[in-house]
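>
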Amino acid sequence: MASTKTQVLIVGATGYIGGSILSELLRSPDRSTFTISALIRRPEQAKILEALGVGSLLFQGLDDLNACRDAASQHDVIINAASASHDTSAKALIEGLALRQKITNRDAYFIHTSGTSILGDHPYTGASSEYKIWSDEKDNIYEMEKQHPERYGQRVTDVTVVETGLEVGVKTYIVVPPTIYGKGSGPFATLSQQIPNLARMAKKRGSAAVIETGKATWNHVHMSDLSAFYLRLFQAARDQPKWLPSGPKAIFFVESGEHTWLQVSQGIADAMHKKGLLATNQVESVSLKKVAAAITKGNESLAEISLASNSRARADFGRNQLGWSTSRGLDDFLTHFDAEIEAMLPELTSEQLS
Ligand SMILES: NC(=O)c1ccc[n+]([C@@H]2O[C@H](COP(=O)([O-])OP(=O)(O)OC[C@H]3O[C@@H](n4cnc5c(N)ncnc54)[C@H](OP(=O)(O)O)[C@@H]3O)[C@@H](O)[C@H]2O)c1
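What follows is the structure, given as structure tokens:
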């Protein structure tokens, strides 16, 4: 007889976000009502997952679209935290869920991970939107992404997720995290992206840098607050309360406050200086052109969106409907840098980065 448990698949379970979601699901009070599998590309990780009670499905990677579709067709809920910019795999996963719906005659759900760089403006090379704060309840995020004049992988993928879901009749939900900080709780990768990448850059240069003035503003969220949001959303998707939108209206922000890029660079400079990794805690302003040449093959627009833009959002849906909240404020973010650098010490003190 077919299992009545909800079959959950995590794509990206070996990563920072996906691994933390996996740990959150494993700790969930209703854990006995669902099974968890992970779609992974490295066979050696299967044993560690198995010890946690998590099944593994192997594939070559996100370009292996048939494997994505097949794996999806064996599950009721997919949480995708592998790549925010891989539209073809997202489409294949949703198509697989549509097959699953036909086989089981019950609804299947797709929870996708995007990122708030979808809101990023161009304060140095184009128009600034420093005063615009996006609400996931009041603004039409989907329409903004669809109509946006600049082609950007994360927006293309979000639009593909919504449109494929509507086409094949699978309900989709998109979580849009800002800068995520704090140690991940997953079994493999536990470091985030933006802050560790800036710390690596500081180690290579010998001092912390900020692009241009660094006065543009972004949001942040602690990884444990973010994984708590995913758990609530997962539970809501299974329960389908009346207040839960899907598709174009289900693009959700998660944040606990705002910082400037200069605050990030100064936090990194102070923490690395204290540990003797930098000779100074001075932050040097570097031109966008120079940073783009170093990290985005000269693509200034991309470097600006990722590391110098304004991107301001409010998690209104989470706070008003989902029952999500956080007690962490700006202080928690501004004082976390010591821990982040501590967690990176083996890497920052290794020969390779010098
Ligand atoms: N961290 C942040 O602050 C943040 C904020 C907003 C949005 N995001 C976005 O969220 C996504 C996940 O971020 P993360 O920080 O969790 O990254 P991560 O730690 O690098 O994890 C990525 C996960 O996806 C898998 N993956 C990536 N590319 C793949 C491919 N081509 N084929 C198969 N598996 C692949 C990785 O598998 P392996 O273990 O096999 O490599 C890993 O499980 C990214 O797109 C990122 O841009 C991140």
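Just so you know, we're using this note's numbering here: the sequence shown kicks off at 2 and counts up by one. Built from N, CA and C at the ideal position, the CB exists for glycine as well. The structure displayed is predicted, hence computed values, not measured ones.
Just mark PRO44 as buried or exposed, buried being the case when its beta carbon has 16 or more other beta carbons within 10 Å.
Numbered from its first residue, the sequence shown carries residue 44 at position 43. Answer is exposed; the Cβ neighbour count stays below 16.
> Should the segment 127-138 be regarded as contacting the segment 304-318, the criterion being three or more beta carbon pairs within less than 8 Å?
yes
> Could you please give me the residues that DSSP links to SER312 through a beta bridge?
Taking the sequence shown and counting its residues from 1, one reaches residue 312 at position 311. In DSSP, SER312 forms a bridge with TRP219.
> Would you mind listing the alpha helix (DSSP H) stretches within the segment 74-137 that are 4+ residues and don't spill past its ends, in chain order?
88-105
> Would you mind reading off the limits of the alpha helix (DSSP H) that contains ALA295?
Sequence index remark: in the sequence shown, residue 295 carries index 294 (1-based). Its alpha helix (DSSP H) spans residues 289-296.
> Three Cβ pairs or more, each shorter than 8 Å: is that satisfied between the segment 201-212 and the segment 277-286?
yes
> Quick one: is ALA238 buried, meaning 16 or more other Cβ sit within 10 Å of its Cβ, or exposed?
Taking the first residue of the sequence shown as position 1, residue 238 is located at position 237. By the neighbour-count rule (16 or more Cβ atoms within 10 Å), ALA238 is buried.
> Please name the residue or residues paired with LYS172 in a DSSP beta bridge.
What you label residue 172 is simply residue 171 of the sequence shown in a count that begins at 1. Answer by DSSP bridge pairing, in chain order: TYR110.
> DSSP three-state call for GLN155: helix, strand or coil?
Position 154 of the sequence shown holds residue 155. Helix at GLN155.
> Among the residues of its own chain, which have a CB less than 8 Å from the CB of PHE338, if the five just before and after it don't count?
As a working note, residue 338 is residue 337 in the sequence shown. Correct list, in chain order: ILE196, GLY268, ILE269, ASP271, ALA272.
> Taking only heavy atoms of ligand 1 into account, decide whether any of them is closer than 8 Å to the Cβ of LEU303.
Within the sequence shown, numbered from 1, the residue matching residue 303 stands at position 302. Flag unset: Cβ of LEU303 not near ligand 1.
> Could you check how far apart the C-beta atoms of LEU58 and SER38 are, in whole angstroms? I think they sit under 8 Å.
For the purposes of this step, residue 58 is taken as residue 57 along the sequence shown, with counting starting at 1. For the purposes of this step, residue 38 is taken as residue 37 along the sequence shown, with counting starting at 1. Confirmed, Cβ separation roughly 6 Å.
> Check SER225 in the structure and name its three-state DSSP category.
Your numbering for residue 225 matches position 224 in the sequence shown. It is helical.
> If you scan the segment 244-294 from start to end, which runs of the alpha helix (DSSP H) of 4 or more residues do you find wholly inside it?
262-275
> Considering just the uninterrupted stretch of the beta strand (DSSP E) at LEU59, what are its terminal residues?
Taking the first residue of the sequence shown as position 1, residue 59 is located at position 58. In the DSSP assignment, LEU59 falls within the unbroken beta strand (DSSP E) covering 56-59.
> Exposed or buried, what is ASP31 when buried is set at 16 or more other beta-carbons lying within 10 Å of its beta-carbon?
Residue mapping note: residue 31 aligns to position 30 of the sequence shown, counting from 1. The residue in question, ASP31, is exposed, as its Cβ has fewer than 16 Cβ neighbours within 10 Å.
> So GLN357 packs on ALA72, CB below 8 Å; how close in whole Å?
The question about residue 357 has no answer, for the chain in this structure spans 2 to 355.
> What are the boundary residues of the beta strand (DSSP E) that SER186 is part of?
Taking the sequence shown and counting its residues from 1, the one referred to as residue 186 is at position 185. Run containing SER186: none; DSSP gives neither H nor E here.
> Hey, out of LEU98, VAL163, ALA128, GLY19, whose CA is closest to ILE252's CA?
Here the question's residue 252 lines up with position 251 in the sequence shown. Looking at the Cα atoms, VAL163 is the closest of the given residues.
> Could you check which residue in ASN220, THR5, LYS290 has the C-alpha nearest to that of THR261?
Position 260 of the sequence shown, counting from 1, holds the residue named residue 261. For THR261, the nearest C-alpha among the options comes from ASN220.
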